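Undergrad: Numbering (this note's numbering), first residue to last: 38 to 363. Virtual Cβ for every residue (Gly too), placed ideally from N, Cα, C. This one's a predicted model, so the numbers in the text were calculated from it and none came from an experiment.
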Amino acid sequence: MTGFLLKRFVNYVALLLVATFLAFALAAVTFNPLSSLEQRNPRPPQATLDAKAADLRLNESIPVRYVAWLGDVVLHGDFGQTVTNQPITDELGRRVGVSLRLLVVGTVLGTVIGVVVGVAAAIRQYKLSDYLATLFSFLILSTPVFAIAILLKYGATTFNQSTGSQFFLYTGESSPGLQGGFGTQLVDRIQHLVLPTLSLALLQIAFYSRYQRNTMLDVLGSDFLRTAQAKGLTRRKALFKHGLRTALIPMATLFAFGFGLIVTGAVFTEKIFGWQGMGDWLIRGIQTQDTNITVTVTLFAGVAILVSGFLSDILYAALDPRVRVG
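1) Counting only the same chain and skipping the five closest in sequence on each side, list residues whose C-beta sits under 6 angstroms from that of residue 247.
2) With distances taken from CA atoms, which of 154, 243, 198 and 148 is nearest residue 182?
3) In chain order, which beta strand (DSSP E) runs of at least 3 residues are fully inside the region 171-214?
4) Could you give the distance in angstroms between the alpha-carbon of residue 198 and the alpha-carbon of residue 311?
5) Using 8 angstroms as the cut-off, can you tell me whether the region 159-178 makes contact with the region 249-259, which would need three or more C-beta pairs spanning the two stretches below that distance?
6) Determine the direct distance from the alpha carbon of residue 40 to that of residue 347, and round the result to whole angstroms.
7) Assuming residue 245 and residue 285 make a contact with CB atoms under 8 angstroms, what is their CB distance in whole Å?
8) Quick one: measure Cβ to Cβ for residue 71 and residue 44, integer angstroms, because I've assumed they're closer than 8 angstroms.
9) How should residue 168 be labelled, buried or exposed, when 16 other C-beta atoms within 10 angstroms of its C-beta is the threshold for buried?
10) Can you tell me whether DSSP reads residue 82 as helix, strand or coil?
11) With a threshold of 8 angstroms between beta carbons, is residue 131 in contact with chain B?
12) If we ignore side chains and look at the alpha-carbon of each, how far apart do residue 276 and residue 155 end up?
13) Going residue by residue through the region 206-282, where are the continuous alpha helix (DSSP H) segments of at least 4 residues, counting only ones entirely within it?
14) Looking only at DSSP bridge pairs, what is residue 324 linked to?
15) Is the distance from the Cβ of residue 32 to the Cβ of residue 236 below 8 angstroms?
16) Per the contact definition of three or more C-beta pairs closer than 8 angstroms, is the region 264-283 in contact with the region 178-193?
17) So, is residue 113 buried or exposed, given that buried needs 16 or more other C-beta atoms within 10 angstroms?
18) For residue 86, collect the residues of the same chain with a Cβ closer than 8 angstroms to its Cβ; drop the 5 residues on either side in sequence, then sort them by chain order.
19) Under 8 angstroms by Cβ, that's how I've got residue 65 and residue 99 pegged, so tell me the actual separation to the nearest angstrom.
20) Give the straight-line distance between the Cα atoms of residue 84 and residue 127, rounded to the nearest whole angstrom.
21) For residue 196, does the count of other Cβ atoms within 10 angstroms reach 16, so buried, or fall short, so exposed?
22) Please name the residue or residues paired with residue 70 in a DSSP beta bridge.
23) What residues are listed by DSSP as bridge partners for residue 118?
24) Closest to residue 238 by C-alpha separation, out of 144, 222 and 327, would be which residue?
25) Classify residue 337: buried if its beta carbon has 16 or more other beta carbons within 10 angstroms, exposed otherwise.
26) What first and last residue would you give for the alpha helix (DSSP H) that runs through residue 103?
27) Quick check on DSSP: helix, strand or coil for residue 348?
28) Could you tell me if residue 330 is buried or exposed, where buried requires 16 or more neighbouring beta carbons within 10 angstroms of its beta carbon?
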């Protein structure tokens, strides 16, 4: 099992290097970091523009710039500076914290509830609960993420106005200037977290429940499940002891890469609810044509996928003994 995991880790690191280089090259070719200076009125002297270009290493080839950037990241933990000379490393720590506080809760809820709904729908196939789960999934999957977020925000506003309360808070991660102890601060953060978490979790519940339902249906008709029941296990014990474990194997990969994709896919959620995380930062990086910000966000998404994929491989090996033997 150790050899299997080591090979997978090396593969993920190689893929991460390729992904970050392609992102760096694409940003370097298409972005003009000096555009904000060139559009100023009056236009700065050419010597100022040349000095800025030299500071950003724009006169060097893309591979040389990438190797220099990667070397600073690996050796010194330095992700460079923005086009406005702000250290990216300082901002990175704050943004990662914001995104993880939002994404981890939403992903865990979406994954767990999605699996439970999918298993329940498969066991009760063609029953009312199965039809309701199918209808819910199709409605959510056919609705854009930003529309779901806006609908949640509208519903929260209506609820607050009708009850005369501020139960739902939907702008930012916390209320600025809020006074109070740990309990007050915690409740305030939970109130801000509810709607963006729902926005992220609903789509994952709909997505995972459909896949889990199909994998579970394949297992329900399998010979090994009938054999387990023939040996004396009740249907419930056979399903949860043997069936669910087998049905979760193909889902492990989906869980991993689903989290990686949502890291950058949460852009709309962060923008609509005012969370200044990595998705919001990526938009700012593209708007300011900042190569370092763009490739740093790409690196973060790649690392998230790498870690998720590695955990998926561990889960896969735990669920399927053939992987450990191989």
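TA: According to the structure data:
1) Within the sequence shown, numbered from 1, the residue matching residue 247 stands at position 210. Hits under 6 angstroms: 174.
2) The residue labelled residue 182 in the question sits at position 145 within the sequence shown. Among 154, 243, 198 and 148, the Cα nearest to that of residue 182 belongs to 243.
3) none
4) The residue given as residue 198 occupies position 161 in the sequence shown. The residue given as residue 311 occupies position 274 in the sequence shown. Rounded to the nearest whole angstrom, the C-alpha separation of residue 198 and residue 311 is 21 angstroms.
5) yes
6) Counted from its first residue, the sequence shown places residue 347 at position 310. Counted from its first residue, the sequence shown places residue 40 at position 3. Residue 347 and residue 40 have their alpha carbons spaced roughly 13 angstroms apart.
7) Residue numbering aside, residue 245 sits at position 208 when the sequence shown is read from its first letter. Residue numbering aside, residue 285 sits at position 248 when the sequence shown is read from its first letter. Contact flag wrong, Cβ pair sits at about 11 angstroms.
8) Mapped onto the sequence shown, residue 71 falls at position 34. Mapped onto the sequence shown, residue 44 falls at position 7. That pair is no contact at about 44 angstroms.
9) Here the question's residue 168 lines up with position 131 in the sequence shown. Flag for residue 168 reads exposed.
10) What you label residue 82 is simply residue 45 of the sequence shown in a count that begins at 1. Here residue 82 sits in coil by DSSP.
11) Reference to chain B is not applicable here, since this structure consists of a single protein chain.
12) Counting from one through the sequence shown, the residue named residue 276 turns up at place 239. Counting from one through the sequence shown, the residue named residue 155 turns up at place 118. Residue 276 and residue 155: Cα-Cα distance of roughly 14 angstroms.
13) 219-257, 260-267 and 272-275
14) Here residue 324 corresponds to residue number 287 of the sequence shown, with the count starting at 1. Note: residue 324 sits in no beta bridge, so no partner.
15) Shown here, the chain extends from 38 to 363; a query on residue 32 therefore has no answer.
16) Touching, no.
17) Position 76 of the sequence shown, counted from the first residue, corresponds to residue 113. Under this definition residue 113 is an exposed residue.
18) Taking the sequence shown and counting its residues from 1, one reaches residue 86 at position 49. Excluding positions up to five away in sequence, the list reads 71, 74 and 75.
19) Here residue 65 is taken as the residue at index 28 of the sequence shown, counted from 1. Here residue 99 is taken as the residue at index 62 of the sequence shown, counted from 1. Rounded, the Cβ-Cβ distance is 5 angstroms, consistent with contact.
20) For the purposes of this step, residue 84 is taken as residue 47 along the sequence shown, with counting starting at 1. For the purposes of this step, residue 127 is taken as residue 90 along the sequence shown, with counting starting at 1. So the alpha carbons of these two residues sit roughly 29 angstroms apart.
21) Counted from its first residue, the sequence shown places residue 196 at position 159. Counting Cβ neighbours within 10 Å, residue 196 comes out exposed, since fewer than 16 surround it.
22) As a first step, residue 70 is located in the sequence shown; it is residue number 33 there, counting from the start. Beta-bridge pairing by DSSP links residue 70 to no other residue.
23) For the purposes of this step, residue 118 is taken as the residue at position 81 of the sequence shown. Residue 118 is bridged to 124.
24) The residue you call residue 238 lines up with position 201 of the sequence shown. Out of 144, 222 and 327, 144 has the C-alpha closest to the C-alpha of residue 238.
25) Mapped onto the sequence shown, residue 337 falls at position 300. With 16 or more Cβ atoms within 10 Å of its Cβ, residue 337 is classed as buried.
26) The sequence position of residue 103 within the sequence shown is 66, counting from 1. Counting along the chain, the alpha helix (DSSP H) containing residue 103 begins and ends at 99-113.
27) Within the sequence shown, numbered from 1, the residue matching residue 348 stands at position 311. Here residue 348 sits in helix by DSSP.
28) Within the sequence shown, residue 330 is the residue found at index 293, counting from 1. Answer is buried; the Cβ neighbour count reaches 16.
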